[in-house]
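This is the structure we're talking about:
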């Protein structure tokens, strides 16, 4: 009864918090942190997590989806015992926090990458204890292994602690940006009711050379059409349907060396 009362109290508070959060115009994703595992197993039994914790995450995910936002989850530890629950029942759209000693991001993607996004993957032990070149090598390996399948975003495997050398952190970011010679990029996707001919997506890239900017924009657009989870429902006189990737979208992505098989 005490555990139920505590989780209900926290869940109710979080419901109110997310209600206010989702009213913000520029919110792009709901991304809570809720560590549920140790290195060897879940912190409490999977049964108790299903009883007391996951129903609240299911509620939060539904709130996010109702507002057109994806629901990502940061959770450390070995939680494979509840991953199918998190994907099939809770409805998470992406998972963050990977430690190679538990499960490398590549292996996780093979198990679940066809259903959710894989976020991060550069183990903090590598980021904190290796050389910048070794960090770069790990970044290249992750992009090479996870990138072609899609639904992948390179980044740190966990929250970045203060003992991570700045040079290593910058090496990770720099290596990830080397695909194009750009200063930075920003993607904004509108949400809510849109009319025909309304502008939906803004892709902005800054670079010293316009050719690199144009090329990076083309890549981002091709990638977003097929690999990035998004929700768009078209309403016509014949009825409503959810928009999916087309064969032509997969073909456009293939020119960047990414094999897409997302068309319905």
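Numbering (the numbering used here), first residue to last: 96 to 359. Glycine included, C-beta positions come from ideal geometry on N, C-alpha and C.
Item, Value
"Please work out which residues of its chain come closer than 6 Å, Cβ to Cβ, to residue 267, disregarding the five sequence neighbours upstream and downstream, and give them in chain order.", "217, 230 and 234"
"What's the C-alpha gap between residue 102 and residue 147?", "6 Å"
"Return the CA-CA distance between residue 346 and residue 244, expressed in angstroms with no decimal places.", "14 Å"
"So, for residue 207: in the same chain, excluding its five sequence neighbours on each side, which residues have a beta-carbon less than 8 Å away from its beta-carbon?", "178, 182, 190 and 213"
"Just to confirm, are residue 241 and residue 280 a CB contact at a threshold of 9 Å?", "no"
"What did DSSP end up calling residue 320 once you bin it into helix, strand or coil?", "helix"
"Could you check whether the region 128-142 touches the region 157-174, counting it as contact only if at least three pairs of C-beta atoms, one from each stretch, sit closer than 8 Å?", "yes"
"Thinking residue 307 and residue 276 are a contact (beta carbons under 8 Å), I'd like their distance in whole angstroms, please.", "5 Å"
"Excluding the 5 residues preceding and the 5 following residue 152 in the sequence, name in chain order all residues of the same chain whose CB lies nearer than 6 Å to its CB.", "185"
"Under a CB-based cut-off of 9 Å, is residue 336 close to chain B?", "The displayed structure is made up of one protein chain only, and chain B is not part of it."
"Which two residues bound the contiguous alpha helix (DSSP H) that contains residue 236?", "227-241"
"Closest by CA to residue 211, which one among 264, 248 and 224?", "248"
"What residues are listed by DSSP as bridge partners for residue 137?", "132"
"Look up residue 264 in the DSSP assignment and say whether it is helix, strand or coil.", "helix"
"So residue 282 and residue 296 are in contact, right, with Cβ under 8 Å, and what is the actual spacing, rounded?", "7 Å"
"Determine which residues share a DSSP beta bridge with residue 247 and list them.", "213"
"Out of 110, 272 and 337, which has the shortest C-alpha to C-alpha gap to residue 156?", "110"
"Quick check on the burial criterion: 16 or more other C-beta atoms within 10 angstroms. Buried or exposed for residue 335?", "exposed"
"Within 8 Å: the Cβ of residue 295 and any heavy atom of the ligand NAP?", "With respect to the ligand NAP, the structure shown offers nothing to examine, as it has no ligands at all."
"To the nearest angstrom, report how far apart residue 131 and residue 139 are at their CA atoms.", "8 Å"
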